[in-house]
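Peer 1:
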Amino acid sequence: MSFVDYDSRIEDHQCLLVLVKAIGPHTGSKLFGRVLERISRVRHTRHSQLGGRTVWLRYVKSYPTDASEWGDFQAHRRVLGLITVGKCQDQSGMEQLCHLHMSLQQQYPTAIDSRCLLFGMDTPSSPTDSSCTEDHDSSPEHSKWDMKVVSPLQGGDGALTNGYSPFTGKLRSTQCLVYPSLGQCEKLEHDVEDFAASLVWVLESRRLDRSLEKQDRCPLLKAPFESRDFVGLDTESRTFKKRCQGHLRKQVGDLSLQLGLPLEALVLYSEAADLLKGVPDWLWLAATYEAQVAASVALQYPGIATGALHRNASFPRTARTGVLQQQQSRSLPNGTEATEYKTAGRFLLTLEEMIERLKECSLHYSKYSHAAVIQMECNIKATRLLAQREKYLMASQFLQNATFMSIPLSRAEKVEWYASMARLYTEIGFHRKAAFHMRVAAIKYSSLQEGDAQQCYDLLLKCLEGFKIILDPSKVAKSKFNGWPQLHIQVLSDLIFTAKKMLNYPVAIRHTTFLLETMLYHLSCTEQKEVCSQLVELASQCEVIVPSGPLALPCGVLLPPVNLLHIPLVRSLVAQCPASQLRPQHKGVSVTDSPFIFSPHQRKGRRKTAGKMDFDWVQGEVCAVSMQLYNPLPVELRIQEMSLLVDGVPFECFPSSLELPAESSPYPVKLLGIARAAGELHILGYSTRVFGVTSHCRLRDLSWVRCANLSVEVVPALPQLEVTSSLPLATSFSTLGANIISNYALVLYAGESQVCQLTLTNPSSEPIESVEVSLLTKLEREWETFSWESEALWQQLPIAPHGGTAILTLQVHGQYAGTQGCTDTSKVLEAVVQLRYSGGPGLRAKYYRQCGISLSVEVLPSVLITKWDVLPAQVASQCYLVLDVLNGTEHEMELSYPEQKRMLIEPHDSCRIPVTVDRCPPPPAEPSSLALLEEACCAHLVDSVHLRWYLHGVEKNGKASITEIAWTPRMLDTILLSPLQWDISINNQPYRVEEEYVCTVGEPLSLNIIISNISEMSLRKLYLSIDGYQDRQNGTLSYRLDSKCALVGCDKVFIQELGPQEAYDHDFSMAFFLTGAYKLDLSCRTLDFQSLGSLSALAHNEGEATHIWKCSPSIQVMIVEEQSW
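Going by UniProt numbering, the sequence shown opens with residue 1, and the numbers climb by one from there.
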């Protein structure tokens, strides 16, 4: 026998073999497959009349005719039943199928019964019209087979109703069952059960006949090749009779095992083994041992274990194979008595004994060259038995024996042999060996002239798992390589070659792309060049563009998409923030996340989720993503197309094409696009077209790129603004602000003013409906330097799109702070005019943009005030402001100051000018600081003092500023108008400063002092004092007047309170005893600090907070000798 059943199992010994075949030209594979699936549901039959024994059935679609000849040797090899499936629509078609069924039945004479299942006829034919009779040789005798056409839809009584005729003697009734269609054959399983029952009854009768045969006259059962070996033997010898009895016991045991009597079969096998050992008959002894193992398996592991059932994903897997673990039942099989089981226990084999028996079987089979197939199947059965028991290493030994066997096979049979060995190695968990045999099977199959490239490709696909080749790049381990790289390269090359042989270029391109992506760093430079050129060639031969998604193969396998993530290699991918002047901002967005606690680690802006950018893009404007590309290949890489992959909002991509040199360094690239709607835009990755292959590279697959997800908020459309001016451009950039679009320079003299016009242009498609102007500078009083009129700009809004303009007038004043020294260096003032503008949908969404124009103003010195002082004037309401003025320019300067006075000052020359100024009224009567008093005085002086200069050589003019002058408290006291008004009378005459008062020695000098509170606050605790001293006219002053004068009255008076607009009158007299020049200082001091109001900041005294008001100037009296007449 040359047929090897690679699917054989030890459980096949207890099954009845039924052949199911399709007949007729109209019977499609789909119909046959569905019918076979229905028939296969009937896996066993159970008969109560036979003690509830379970008889198992085994269905095959093809079986060699010579294999049934081994039925006497092993009963499970005999075809016992035949079922044919056909399709017809009329009577002639049915008769043709009946003849085909008869011819097929003649090829299998061992078949006990048969059924012809016909589908497609609407009405069944009469049984009498289609009956036919044919004689043929069945077994050694001739039997008459009657075919009766029966419809399962017919009613009636007798055999026609049940669909079967009873068996009588040697006659077998073959029936043709007609069904309208596959959907109207509810009784199909029932008919198959009846067919199985007929087989069981015939076999039971045979078993009983064989059991009752006389032992001394039993025939000699032989294997097909043993006929010539027994020629010339003594048939009357005792050894021959033992041989006959042993063969018969073994055959009866086979029938008993098939009919569900494993205990009885076990006893018969034991008796047969004892008889055959004494002959010795090694071939039949090996068959007996094999059957004994099958009987022990049937007793210890009841049920048929087949690989037809699919595993449920919720069931647990066993180690390595994933076969369901069979629960070993401790109960007895159905129909088995406990006493019988106990009696046969001594014949029951354990698993270790089964292994030893199977080894002996293989050893004995090896002694017969004609039993090579039997030996191989024995090893296969042992392999599957041990695999079910999870004895994988021991199973591999049996399978190794099978691989070492030498069986003459054709080239086509060798392909099947290698493929079957691969399946067996897979069952025991030896996946690498399974992959090796499957690859050899594919190679052998490709060498066949009639070989199909698709079949070869399918075989190669099956070996990938054993070689640890995963066609899904996302599941390929990145950290370490699993397997041998060169082996992977060779297998993938075989796949590519086979796909090209199939003329399936998309599949070949997919495998080539996978090879280049996953094995790039394992290929040599030469191999990389070859693979790249091969990929280009395949892409050119493919008539259509290969889709980037999964590819469906004819075998049902889906090839996952393969993207070239490393060609080119992207090291960084960063979404570009818009330029600072184009970056949209939202009104009312807080910088910090929490209003309670500040943390330096908190995030800024609106970036709250990983991958979310802290900037926004604008709808309808070009967006950019920057990348750095590497070319790891030794050839020039031409990227035909490269664009972004985005999601979330409609996005228009601008594909880029570029060429990278071989093994190039980082190459910067920007991918551009326009968002066509507002929303959150997710940047998923990028797409490339390289070597004719389109790849969609997603960030989640790029483990070396930091961020796996990028998202940018797209805001509604906003306008853009361009600003121009006629001013000269600056040579340097401003350090203020980050949204500057233009830098202009301006040169002014201190105090000079200039008007600048800024032209605002709208180049976008949205109108500018709102513009706000602000100033960013380091100056403390920027309004003194820059000023503009916002109302004039607002009147020009909205600025029309596509070129609309508006004018912003800006006035710049030159300010110079060099007033405290003789410095003549220039000073640069920097400021940024910020324009916040918005319009269109962005304005309604509360978004705006902000741009800045940098102005660099170089201020040259003009008038420098180097020294200054304040002196009392002749009038109490005025004071003198004395200034030392320096011409800091290179030109002659004309200076004009109050009272229409003019002065010419040479370059870098100085002069002193007095300026009469009205005193400053004190601020309101609230507590104030010295700084506020100084600010009030400065404001008064700026309004009162106007110093203008003219440079006729350069036609420049301006105004000198005194705002930077620092005033001391004494100066402020002089500048401020006193709240007390002094009215003095000497000898009943008003005191005049310009008059000279001369008295003789001893002449009384009467003084009348009236102080009035001209302020709006009450002055409390005033202390009026008259202090005199002698001016010796030599620079010395003498304050000791005790012996030089006499006072009549009080020179010191305490006033409790002096209300607003109230006056106090005080009189006293003095007489001088010595001649000379005397001066009287009149002063009034307050002791109540709180009553000073805003003047309290000027209070200065070491012991207490006081303030002194003096009458200025001092009263000067000349004392002369009395003249005698």
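Note that CB positions come from ideal geometry on N, CA and C, so glycine has one too.
These numbers come from a predicted model, not from an experiment.
Would you kindly work out how many angstroms separate the C-alpha atoms of T735 and V828, rounded to a whole number?
Peer 2: Rounded to whole angstroms, T735 to V828 spans 13 Å at the Cα level.
Peer 1: Going by beta-carbon coordinates alone, are I674 and V625 separated by less than 9 Å?
Peer 2: For I674 and V625, no; Cβs fall outside 9 Å.
Peer 1: Would you kindly check if the distance between the Cβ of L1019 and the Cβ of I986 is under 9 Å?
Peer 2: Contact: no.
Peer 1: What does L830 pair with, by DSSP beta-bridge criteria?
Peer 2: Before going on, a small fix: residue 830 reads as Glu here, not Leu. Beta-bridge pairing links E830 to S856.
Peer 1: Excluding the five sequence neighbours on either side, which residues of its own chain have a C-beta within less than 7 Å of the C-beta of F347, listed in chain order?
Peer 2: Cβ within range, chain order: L266, V267, S270.
Peer 1: Quick one: what does DSSP say L699 is sitting in, helix, strand or coil?
Peer 2: The answer is helix: DSSP assigns L699 an H, G or I state.
Peer 1: When the Cα atoms are used, what is the spatial distance from Q106 to A499?
Peer 2: If I take the Cα positions, the gap works out to 44 Å.
Peer 1: Run the CB neighbour count on E934, radius 10 Å, all protein chains shown included, and call it buried at 16 or more, exposed below.
Peer 2: Per the 10 Å Cβ criterion, buried.
Peer 1: Go through its chain and collect everything with a Cβ distance to P716's Cβ below 6 Å, but skip five positions before and after it.
Peer 2: Counting only Cβ-Cβ distances below 6 Å, and skipping sequence neighbours, we find Q619, A678, P841, G842, A845.
Peer 1: To the nearest angstrom, how far is it from the Cα of H682 to the Cα of L797?
Peer 2: Straight-line Cα distance between these residues: approximately 36 Å.
Peer 1: When you compare only the Cα positions, how much space is there between I469 and L565?
Peer 2: Those two C-alpha atoms are separated by around 18 Å.
Peer 1: Under the rule that 16 or more other beta-carbon atoms within 10 Å means buried, what is P595, buried or exposed?
Peer 2: Bear in mind that the predicted position of P595 carries a pLDDT of just 46, short of 50, making it unreliable; the figure below should be weighed with that in mind. Under this definition P595 is an exposed residue.
Peer 1: Taking buried to mean at least 16 other C-beta atoms within 10 Å of its own C-beta, is Y179 buried or exposed?
Peer 2: Buried, since its Cβ has 16 or more Cβ neighbours within 10 Å.
Peer 1: Measuring only the C-alpha atoms, how far is G588 from E964?
Peer 2: About 38 Å.
Peer 1: Which runs of the beta strand (DSSP E) at least 3 residues long sit entirely within the stretch 745-823? Give them in chain order.
Peer 2: With a minimum length of 3 residues, the continuous beta strand (DSSP E) runs that stay inside the stretch 745-823 are 753-762, 770-777, 786-788, 804-813.
Peer 1: F398 lies in the alpha helix (DSSP H); which residues open and close that run?
Peer 2: Start and end: 392-404.
Peer 1: Pull up the distance between the alpha-carbon of D402 and that of H26, whole angstroms please.
Peer 2: Inspection of the sequence shows that residue 402 is occupied by Ala rather than by Asp. Roughly 41 Å between the two C-alpha positions.
Peer 1: With DSSP run on the structure shown, which of helix, strand or coil describes A453?
Peer 2: DSSP places A453 in helix when its eight states are reduced to three.
Peer 1: For V998, which residues in the same chain have their Cβ closer than 7 Å to its Cβ, ignoring the five residues on either side in sequence?
Peer 2: Closer than 7 Å at the Cβ level, and outside the excluded window around V998, lie M1118, V1120.
Peer 1: Short of 6 Å in beta carbon distance, which residues of its chain neighbour Y6, apart from the five on each side in sequence? Order them along the chain.
Peer 2: Here the set comprises S420.
Peer 1: From K480 to H511, what does the alpha carbon distance come to, in whole angstroms?
Peer 2: Each residue's Cα considered, the two are about 21 Å apart.
Peer 1: Write down the C-beta distance between S572 and V705 rounded to the nearest angstrom, noting that I regard them as a contact closer than 8 Å.
Peer 2: Contact flag correct, Cβ pair sits at about 7 Å.
Peer 1: If you draw a straight line from the alpha carbon of L779 to that of L947, how long is it in whole angstroms?
Peer 2: L779 and L947: Cα-Cα distance of roughly 23 Å.
Peer 1: If you measure between the beta carbons of L699 and S664, is that distance less than 9 Å?
Peer 2: Going by C-beta atoms, L699 is not nearer than 9 Å to S664.
Peer 1: Which residues in the same chain as K433 place their Cβ atom closer than 7 Å to its Cβ, once the five residues preceding and following it in sequence are excluded?
Peer 2: For K433, where only same-chain residues beyond five positions count, the Cβ hits under 7 Å are Y425.
Peer 1: Quick check on D614: buried or exposed, where buried means 16 or more other Cβ atoms within 10 Å of its Cβ?
Peer 2: The residue in question, D614, is exposed, as its Cβ has fewer than 16 Cβ neighbours within 10 Å.
Peer 1: With 16 as the cutoff for other CB atoms within 10 Å, does G278 come out buried or exposed?
Peer 2: Counting Cβ neighbours within 10 Å, G278 comes out exposed, since fewer than 16 surround it.
Peer 1: Check whether the stretch 949-956 touches the stretch 910-925, taking contact to mean three or more Cβ pairs, one atom from each stretch, closer than 8 Å.
Peer 2: Not touching, per the Cβ criterion.
Peer 1: Of all the options S703, E659, D647, S656, which has the alpha carbon lying nearest to the alpha carbon of R676?
Peer 2: Ranking S703, E659, D647, S656 by Cα distance to R676 puts D647 first.
Peer 1: Indicate the three-state DSSP secondary structure (helix, strand or coil) for S594 in the structure shown.
Peer 2: With a pLDDT of 41 at S594, under the threshold of 50, the modelled position of that residue is not reliable, and the figure given next carries that caveat. It is coil, neither helix nor strand.
Peer 1: With 16 as the cutoff for other CB atoms within 10 Å, does I10 come out buried or exposed?
Peer 2: Burial call: buried.
Peer 1: Please return the same chain residues whose Cβ sits closer than 6 Å to the Cβ of V755, not counting the five positions on each side in sequence.
Peer 2: Excluding sequence neighbours, V755 sits near Q811.
Peer 1: Applying the criterion that 16 or more other CB atoms from any shown protein chain within 10 Å of the CB defines a buried residue, is S703 buried or exposed?
Peer 2: Exposed: under 16 other Cβ atoms inside 10 Å.
Peer 1: Measure how close the beta-carbons of E772 and R849 come, nearest whole angstrom, since I'm counting them as under 8 Å.
Peer 2: Contact flag wrong, Cβ pair sits at about 11 Å.
Peer 1: Does the Cβ-Cβ distance between I23 and C176 come in under 9 Å?
Peer 2: Against a cut-off of 9 Å, the Cβ pair of C176 and I23 comes out as no contact.
Peer 1: Applying the criterion that 16 or more other CB atoms from any shown protein chain within 10 Å of the CB defines a buried residue, is Q325 buried or exposed?
Peer 2: Low per-residue confidence applies at Q325: pLDDT is 39, beneath 50, and the placement is therefore not dependable enough to give any value.
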